[in-house]
Amino acid sequence: MSKETDSDSEPQQLQYKVDAAQVVPSRDTQVTLQIWDIGGQSIGGKMLKNYIYGAQGVLLVYDITNYESFQNLEDWYRLVRRTFDEERMPYVALVGNKTDLNHLRAVKVAKHKQFTEENDLKSFFVSAKTGDQVNTTFRQVAADLAGISLSKAELDVEAPVLKAQIVNHEQHDPDVKTPDIRSSQNPKCSIQ
Numbered sequence: 001m002s003k004e005t006d007s008d009s010e011p012q013q014l015q016y017k018v019d020a021a022q023v024v025p026s027r028d029t030q031v032t033l034q035i036w037d038i039g040g041q042s043i044g045g046k047m048l049k050n051y052i053y054g055a056q057g058v059l060l061v062y063d064i065t066n067y068e069s070f071q072n073l074e075d076w077y078r079l080v081r082r083t084f085d086e087e088r089m090p091y092v093a094l095v096g097n098k099t100d101l102n103h104l105r106a107v108k109v110a111k112h113k114q115f116t117e118e119n120d121l122k123s124f125f126v127s128a129k130t131g132d133q134v135n136t137t138f139r140q141v142a143a144d145l146a147g148i149s150l151s152k153a154e155l156d157v158e159a160p161v162l163k164a165q166i167v168n169h170e171q172h173d174p175d176v177k178t179p180d181i182r183s184s185q186n187p188k189c190s191i192q
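Just so we're aligned: 141 in the UniProt record's numbering is position 141 of the sequence shown, and the numbers increase by one with no gaps anywhere.
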């Protein structure tokens, strides 16, 4: 989505995106989710409350490699609580993104779990880049909103099977010298 400005020909990007996705949480039920991505909005933006007012679910997404994005969750969750009174609070979940960069993780899993437990939120970890757990997360959210319990087998349908080739690096790398264990054993030594 873009909007032309009066003085420039360069498009100005709007800060939200609306998508509709059909999710089938179980064989008997089909749910359509209308997803508003408001990432990049200023927490003080005048229209922000209008975007989330009336929502049945809110996913608070942060970058696991950026501790500041996790710290900002308090402000975002406070905005959600102010927008809805306690009786009408929507389903709220905390989503840690960029699990493909787990080696660069700045937010420990324990901190994530602590935030979800203190605020009674659902918890998910995904990688938007690789797609890991994205479908499973939306399937679980749709099921929760529809009041459907999913078995592990029903959720695992969405999880991709990862294929990996096992390489015997000593066989494929002539520069790797591995000691011959049989020749290095001392016949005079024994373990008692």
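Think of the CB as a built atom: it goes at the ideal place given N, C-alpha and C, for glycine as much as any other residue.
For Thr32 and Leu94, I'd like the C-alpha separation in whole angstroms. In the sequence shown, counting from the first residue as 1, residue 32 sits at position 32. In the sequence shown, counting from the first residue as 1, residue 94 sits at position 94. Cα-Cα distance, rounded: 21 Å.
Boundaries of the alpha helix (DSSP H) in which Ala146 is found, first to last residue: Counted from its first residue, the sequence shown places residue 146 at position 146. In the DSSP annotation of this structure, the continuous segment of the alpha helix (DSSP H) that includes Ala146 starts and ends at Val134 to Ala146.
Which residue wins for smallest C-alpha separation from Asn66, given the options Leu101, Ala142 and Ile148? If you number the sequence shown from 1, residue 66 lands on position 66. Selected option, being the one with the closest Cα: Leu101.
Less than 8 Å between the CB atoms is what I'm expecting for Phe115 and Leu73, so what's the real figure, rounded? The sequence position of residue 115 within the sequence shown is 115, counting from 1. The sequence position of residue 73 within the sequence shown is 73, counting from 1. Yes, Phe115 and Leu73 are in contact; Cβ-Cβ is about 6 Å, under 8 Å.
Beta-ladder partner(s) of Leu60, from DSSP: The sequence position of residue 60 within the sequence shown is 60, counting from 1. Bridge partners of Leu60: Leu94.
Extent of the continuous alpha helix (DSSP H) run through Val80: The residue given as residue 80 occupies position 80 in the sequence shown. Leu73 to Thr83 is the span of the alpha helix (DSSP H), which, as asked, contains Val80.
Where the alpha helix (DSSP H) containing Leu48 begins and where it ends: Here the question's residue 48 lines up with position 48 in the sequence shown. In the DSSP annotation of this structure, the continuous segment of the alpha helix (DSSP H) that includes Leu48 starts and ends at Leu48 to Ile52.
Which one or two residues does DSSP pair with Ser123 in a beta bridge? Taking the sequence shown and counting its residues from 1, the one referred to as residue 123 is at position 123. Paired residues: Leu94.
Grab the span of the alpha helix (DSSP H) containing Leu155 for me, first residue to last. Here residue 155 is taken as the residue at index 155 of the sequence shown, counted from 1. First-last of the alpha helix (DSSP H) with Leu155: Lys152 to Asp156.
Could you pull out every residue in the same chain whose Cβ sits closer than 6 Å to the Cβ of Thr130, ignoring the five residues on either side in sequence? For the purposes of this step, residue 130 is identified with residue 130 of the sequence shown, where counting begins at 1. Result list for Thr130: Asp100, in chain order.
Please report how far the alpha carbon of Glu68 lies from the alpha carbon of Tyr53, in whole angstroms. Indexing the sequence shown from 1 puts residue 68 at position 68. Indexing the sequence shown from 1 puts residue 53 at position 53. Cα to Cα, the separation comes out at about 26 Å.
Alpha carbons only, please: which of Ala143, Glu118, His103 and Tyr51 is nearest the one belonging to Val80? Residue 80 sits at position 80 when you count from the first residue of the sequence shown. Relative to Val80, the option among Ala143, Glu118, His103 and Tyr51 whose CA is nearest is Tyr51.
Out of Thr136, Asp144, Val141 and Val107, which one is the CA nearest neighbour of Asp156? Along the sequence shown, one-based indexing puts residue 156 at 156. The shortest CA-to-CA distance from Asp156 to any of Thr136, Asp144, Val141 and Val107 is the one to Thr136.
Just confirm the distance between the C-beta atoms of residue 199 and Ile64, as a whole number of angstroms; I'd bet it's less than 8 Å. What is shown of the chain runs 1 to 192, which leaves residue 199 out entirely.
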